[in-house]
Structures are given as structure tokens and as C-alpha cells.
Amino acid sequence: MFMGKQKPILSYWSLDHKALFAASNENVREVRIATPFGHIAAKEYGDADATHKMLAVHGWMDNCGSFEKLLPLIVKENDLHVIAMDEPGCGLSSHLPVGVELPKFTLLKEMKRVANFMQWDNFSIIGHSKGAGFGLLYASVMPESVKSVIMLDAFYTHFYGISAPDMSFDVSGLNMLLEYEQKLINKSTSKVQTFNEQETLKKFMTALPVPKSEAVARTLMKRGSREKNGGFALTRDVRHRFPIFGSIASKEEYLKLAKNLRCDLLVISATKSPFRVVDKTDWRSLCSH
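In terms of the UniProt record's numbering, the sequence shown is numbered consecutively and its last residue is 289.
The structure is reproduced here in C-alpha cells:
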């Protein structure tokens with residue numbers, strides 16, 4: 001659904017699976033954006049002088065390879081310049097320093113860092129799953145900066161704790177984090193774990209509660225693993241799996257914040273998406289103001 005009367009940025013949208021997996025990656029460039037902890041890695045699609053600027057944000061523990069098949073189909077047709085970023089600790093982006101917990105809203109800050117680097121004052125956001133929720137959050141916090149938000153299979157419950165995979169306040173979550181940090185202390189005597197190709201592929205197919213197809217897993221594997229000692233080591237930061245401790249706002253508070261939206265909003269949900277079960281956000285009500 002779109003808010004307002006402006007012409008939608010995306011006038012063309014293909015859901016043809018054969019076209020998606022045959023998409024060309026011409027005119028795609030790797031980008032590195034400096035951070036205090038290393039860099040944000042990203043892929044740049046389209047020409048810098050294109051009419052519409054867009055930031056692409058992937059889902060939980062994925063990487064910007066999520067958009068590898070989709071973006072080539074829509075960039076030229078819609079005159080887009082897109083930066084598809086890897087979240088810190090995902091894909092080819094640097095991990096946060098050892099011993100540091102992952103703040104809940106780190107991604108929001110890094111999205112702003114990317115926009116600052118690109119010198120974008122007004123742009124659109126396309127996000128998948130967790131990235132869709134952060135796209136909406138960004139547009140709610142900085143409404144003057146965002147032209148439109150496209151949410152693909154949004155997992156907005158990530159923010160307010162209902163069925164959210166990274167929210168836990170029991171002692172098991174603390175123990176999990178402390179055990180991991182103890183392993184870091186002993187890291188000098190341990191080796192980076194590696195897997196053969198089929199083992200690595202299986203990890204990408206089964207990393208989340210919702211299984212991925214082999215084709216999707218292979219796409220994510222390009223940035224989510226690296227060759228090491230004759231096998232593959234995963235590049236993602238395992239801390240993304242751990243509980244995040246801190247205050248949790250209510251669903252009502254987040255939806256109230258979303259009332260700050262001043263941009264077009266398009267919500268796309270797959271018919272068989274598991275998020276339809278756990279995320280009951282009333283998007284029509286949100287867009288009615």
C-alpha cells in the first residue's frame with residue numbers, strides 16, 4: 001500500500017522466479033565504508049546520477065546477497081541508484097569488537113552512516129524481514145530523510161519482543177553469552193571452525209527456523225563464508241544469535257512512533273510467509289493517518 005498521491009518509485013515489479021535467478025549482475029560494484037570497528041561492506045547497483053536513491057537492508061543473519069537477484073530487475077527500469085549493505089557482523093562487514101554485546105539498534109546507526117557516506121539527504125529504503133522493520137523505524141525516527149519504504153515480509157515483532165528470536169531475560173541467555181566470551185578468552189588455543197561445501201550449504205539452508213532453498217543458500221553463501229584451510233569458515237558474527245538485553249518498548253509505543261511516517265509505504269507479504277503467523281501488525285491502520 002502506498003501513502004500519499006505521489007507516483008510510486010517502483011513502476012515495475014517481477015515475481016517471476018526464473019527471471020529472478022537468471023538476473024544479471026552487470027554494473028554492480030563493491031563498496032567499503034569506514035567505521036571505528038572496521039568497515040561496512042555493501043554492493044552498489046546502478047549509476048550514482050540516477051533519479052532515485054535507495055538503501056537495501058537484509059534480514060536477520062542474512063547478508064546483502066538477499067537482493068542479488070531482485071535488484072538487477074528493477075534498477076534500470078526505475079532509474080535507481082542502490083546501496084545494499086551488509087549489517088555489522090554479517091556478510092563482508094566487520095564484526096564489532098570482541099567482548100562487546102550487540103546493541104539492539106546498531107543497524108539503525110549504520111544505516112545512517114551509509115546515508116551520510118553517500119551524502120543522501122532524501123532516499124528510499126527497501127528491507128526484508130528484520131531489515132524491513134528497521135526501514136520503517138528509520139523512516140519513523142528521521143521522516144524528513146525518507147521518500148518511501150518498501151517492506152518485504154516484514155518481521156516488525158522483532159522490536160517489541162513477541163516471538164522475537166533475540167529477546168530473552170532468563171539466566172540461560174546470560175549463560176550462553178558468558179560461555180561464548182569464555183571461548184573468546186581461550187581463542188589463542190583454538191582454531192577457526194571450517195566445513196566442507198555441503199556442510200556449509202546445509203548451515204545456510206537451516207540457519208533460521210524457516211528453511212531456505214539450495215539456490216537461495218548458495219547466493220547467501222557467497223558473502224556469508226570464506227575459503228580457509230581447504231574448507232569454508234562462516235563470516236557471520238555468532239553474537240547475532242544471542243539474546244539482547246535491555247528495555248523493550250511495547251508494540252503500541254512502536255506503532256505510535258510509526259505515526260511519524262511522512263513517506264510512501266509499500267508492504268509486501270508472501271502468501272505462505274511464516275511471519276503472517278507471528279506478526280499481526282495492522283498495516284492498514286498504521287497507514288490510515
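Where is the CB? At the ideal position from N, CA and C, for every residue including glycine.
Span of the alpha helix (DSSP H) around residue i
i	result
Ala132	Lys130 to Val141
Arg113	Thr106 to Met118
Thr194	Unbroken run through Thr194: none, as it is neither H nor E.
Ala244	A small correction: the amino acid at residue 244 is Ile; Ala does not occupy that position in the sequence shown. Here Ile244 belongs to no alpha helix (DSSP H), and DSSP marks it neither H nor E.
Pro209	Careful: Pro209 lies outside any alpha helix (DSSP H) and carries neither H nor E.
Met92	Residue 92 is actually Leu in this sequence, not Met. Element bounds for Leu92: n/a, residue is neither H nor E.
Leu71	Leu71 to Ile74
Cβ-based burial, residue i [other Cβ within 10 Å; buried from 16]
i	result
Ala34	exposed
Ala154	buried
Arg29	exposed
Ala270	exposed
Tyr180	exposed
Lys272	exposed
Ala164	A caution first: Ala164 carries a pLDDT of 47, below 50, which makes its placement in the model unreliable, though a value can still be read off. Result: buried.
Pro97	exposed
Ala215	exposed
Thr206	exposed
Ser14	The predicted position of Ser14 is uncertain, since its pLDDT is 40 and thus under 50; a value taken from the coordinates is nonetheless stated next. Flag for Ser14 reads exposed.
Ser250	exposed
Thr51	exposed
Ser172	exposed
Val192	exposed
Phe21	For Phe21, the predicted model reports a pLDDT of 45, less than 50, meaning its position is unreliable; a value from the coordinates is still stated below. Result: exposed.
Lys130	buried
Minimum Cβ-Cβ distance from residue i to chain B less than 8 Å
i	result
Lys104	The chain inventory of the structure shown lacks chain B, comprising one protein chain alone.
Within 8 Å, strictly: CB atoms of residue i and residue j
i	j	result
Cys64	Asp47	no
Gly224	Phe195	no
Ala132	Cys263	no
Val57	Gly127	yes
Lys212	Leu234	no
His240	Gly89	yes
Gly135	Met118	no
Leu137	Leu102	no
Ala42	Val114	yes
Leu92	Ala84	no
Arg53	Ser124	It is worth fixing the name first, because residue 53 is Lys in this sequence and not Arg. Cβ atoms of Lys53 and Ser124: closer than 8 Å.
Met61	Arg236	yes
Leu174	Gly99	no
Ser220	Ser66	The amino acid occupying residue 220 in the given sequence is Leu; Ser does not appear at that position. Yes. Within cutoff.
Lys104	Ile244	yes
Leu178	Phe242	no
Beta-bridge partners of residue i, as assigned by DSSP
i	result
Leu55	Ile83 and Ile125
Tyr45	Val28 and Val82
Lys256	DSSP, once it has assigned bridges, lists no residue as partnering Lys256.
Glu227	Phe232
Thr35	Gly38
Bounding residues of the beta strand (DSSP E) (the contiguous stretch that carries residue i)
i	result
Gly173	No beta strand (DSSP E) holds Gly173; the alpha helix (DSSP H) holding it covers Val171 to Ile185.
Ile149	Note that residue 149 is Val in the sequence shown here, rather than Ile. Its beta strand (DSSP E) spans residues Val146 to Leu152.
Glu101	Run containing Glu101: none; DSSP gives neither H nor E here.
Val267	Asp264 to Ile268
Glu214	Here Glu214 belongs to no beta strand (DSSP E); instead the alpha helix (DSSP H) covers Glu214 to Gly224.
Specify whether the segment 75-82 and the segment 143-150 touch according to this definition: at least 3 beta carbon pairs, one from each stretch, less than 8 Å apart. no
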